[in-house]
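Asks: Residues in the sequence shown are numbered consecutively from 6, following our numbering.
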Amino acid sequence: MISKSDFDALVERKAVPDSPVLSVYLDIDQSKSKNLKRRFEASLKDMLRSIEACFRLGAAGQGVDPVLR
């Protein structure tokens, strides 16, 4: 779960022209079995790990194709 300090940091974030921003749209509908018992949190963590892997590969000059497949 996101902590209050994490949330506060997002609220206080200053806009910087041309700085990247990640928007996340997460389906948390509890009427769907895949989201029961907060399983949507695991989905979010998996997505964020994939994004992190893309950044690491890109920084290493390897490209992101292996992660996106």
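Even glycine gets a Cβ: it sits at the ideal position worked out from N, Cα and C. These figures come from a predicted structure and were not determined experimentally.
Just the Cα atoms here: how many angstroms apart are D101 and F12?
Replies: Outside the displayed span of the chain (6 to 74) sits residue 101, for which this structure offers no information.
Asks: Nearest to L3 by CA position, among L62, A20, L27, is which residue?
Replies: Coverage of the chain is limited to positions 6 through 74, which leaves residue 3 absent and any answer about it impossible.
Asks: Pick out whichever of L31, K9, A14 has its Cα sitting closest to the Cα of R44.
Replies: Measuring from the Cα of R44, the nearest candidate turns out to be L31.
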